[in-house]
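Under UniProt numbering, residues 1 to 357 are what the sequence shown spells out, in order.
Here is the structure we will look at, set down as structure tokens.
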Amino acid sequence: MNSGIPIEITGLSKHFGSVTAVEDLSFTVQPGRVTGFLGPNGAGKTTTLRVLLGLVKASSGTATFGGTPYHALKRPLETVGAALDASFHPGRTARNHLRVTATAAGIAASRVPVVLEQVGLTEFADRRVGGYSLGMRQRLALAFTLLGDPSVFVLDEPINGLDPEGIKWIRLFLQRLAQDGRTVLVSSHLLSEVQQSVDDVVIISRGRLAKTGTLSSLELESAPRTIADSPDRPRLAAALAQAGLEYTEGRNGFIVAEPDPGLVGHAAFVGGVELKSLHRLKSGLEESFLALVNGEVDHVEIAEPGPPEASGAPEASAAPDEAADAAAPTDAAAPTDAAEPAPPDDRESPPADGAKE
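Written out as structure tokens, the structure reads:
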């Protein structure tokens with residue numbers, strides 16, 4: 001059993017000039033569990049991961065592995081295995097890529113055939129990567145993360161674009177890591193991609209924390225609710241509070257913890273509040289997730305229902321990150337010639353619209 005190390009994000013903020021990519025973000029990723037880091041494209045996921053891996057310098061706050069920032073780790077690849085982008089030199093083989101990285105990081109060359117076997121690429125190890133499918137490149141990226149036999153894994157959208165067979169394989173891969181006691185953080189912009197794989201979730205929207213807790217707790221909170229909006233939101237908020245209705249505020253109105261729109265409408269009527277929209281929100285995890293990330297909401301800690309479930313069930317995927325990542329250095333996870341991330345650069349500028357988050 002591997003002794004995992006927690007990932008600790010505390011008060012993390014990152015600004016690129018006038019652009020705020022991440023704002024006062026705090027959460028912890030526990031060993032022996034797979035944590036889904038979720039949010040829409042541009043929410044701040046990849047910028048957070050880049051700060052964690054020492055590729056981008058935080059404006060404030062900390063991002064550490066058991067209290068130690070990435071740049072202070074004595075042998076980084078033996079502590080953290082990271083994959084932010086499955087990009088490789090097309091003319092070189094998988095075995096060559098791994099050997100170069102192992103040599104640069106001071107890792108025994110004997111680890112190369114071991115990790116190739118672990119990700120199922122032994123048969124294709126001497127083929128040029130330019131002929132690999134997306135799924136094979138994703139497996140090669142995971143082989144890089146395994147080179148140093150680390151305690152922590154940080155993966156940015158490893159499931160993105162894979163076929164069903166590839167998704168199933170990665171889910172089992174992540175599950176085995178967690179069962180071995182390792183810490184696993186995987187990002188995705190789609191809850192549906194990871195809900196069969198993760199134990200815990202961290203959901204962010206517009207660079208801020210929206211929700212944290214176990215996946216089972218989120219499932220408990222996915223009961224039908226009502227969305228209501230008014231030209232005068234402060235008065236609607238007062239009317240809902242007066243009626244004893246709990247709510248969070250999103251971009252499209254208030255998400256009210258009441259399945260009957262009639263009761264919400266009655267509360268607005270009693271308060272003399274004009275409504276411009278009122279409808280029932282369908283039940284389900286995906287609907288709950290979308291309701292959170294479609295607008296800004298106050299952070300809500302998911303109540304823990306009883307003892308934590310056994311670790312297992314994982315998966316992951318990653319999405320483009322905020323305006324900062326187009327200008328940030330290349331990946332720490334699967335470099336073509338280097339074993340470790342480049343040092344932070346204070347001169348980053350936000351990427352253009354649509355850049356990978």
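Virtual Cβ for every residue (Gly too), placed ideally from N, Cα, C.
Being a predicted model, the structure only gives us computed values, none of them experimental.
| Asked | Found |
| --- | --- |
| Does the beta-carbon distance from G207 to A63 come in below 7 Å? | no |
| I'd like to confirm the pairing. Which residues does DSSP put opposite D200 in its beta bridges? | T35 and T214 |
| Output the residue ranges of the alpha helix (DSSP H) runs that lie fully inside the stretch 118-198 and measure 4 residues or longer, sorted by chain position. | 134-146, 164-179 and 191-194 |
| Which one of T183, R182, V201 and L185 has the shortest CA to CA distance from L191? | V201 |
| Considering only residues of the same chain and omitting the five flanking positions on each side of R99, which have a CB-CB separation below 7 Å? | A109 and V112 |
| Beta strand (DSSP E) containing R225: first to last residue? | R225 to D229 |
| What separation, rounded to the nearest whole angstrom, lies between the Cα atoms of A94 and V80? | 20 Å |
| Can you tell me where the beta strand (DSSP E) with H97 in it begins and where it stops? | That residue, H97, is in no beta strand (DSSP E); its alpha helix (DSSP H) goes A94 to A105. |
| Report yes if the CB atom of L49 is closer than 7 Å to the CB atom of V154, and no otherwise. | yes |
| Out of R92, V29 and P6, state which residue places its alpha-carbon closest to the alpha-carbon of D203. | The displayed chain sequence assigns Ile, not Asp, to residue 203. The residue with the shortest Cα to Cα distance from I203 is V29. |
| Output the boundary residues of the beta strand (DSSP E) element that contains T79. | Taken as a continuous stretch (DSSP letters only), T79 belongs to no beta strand (DSSP E), as it is neither H nor E. |
| Could you pull the start and end residues of the alpha helix (DSSP H) that F269 belongs to? | P261 to V270 |
| Mind checking who H15 pairs with in its DSSP beta bridge? | T20 |
| Closest by CA to Q196, which one among K57, G244 and L174? | L174 |
| Under three-state DSSP, which class holds A303? | Per-residue confidence for A303 stands at a pLDDT of 40, beneath the threshold of 50, marking its modelled position as unreliable; no derived number is given. |
| When you compare each of D199, G271 and S13 to A43 by their alpha carbons, which one comes out closest? | S13 |
| What number of angstroms, rounded off, separates the C-alpha of L52 from the C-alpha of L215? | 23 Å |
| Determine the DSSP secondary structure at L49, reduced to helix, strand or coil. | helix |
| Are the beta-carbon atoms belonging to F27 and T183 less than 7 Å from one another? | no |
| Compute the distance between the beta-carbons of I227 and L281, then report whether it is under 7 Å. | yes |
| In terms of alpha-carbon separation, which member of R92, D199 and S230 lies closest to G130? | R92 |
| I need the straight-line Cα distance from D149 to L77, nearest angstrom please. | 8 Å |
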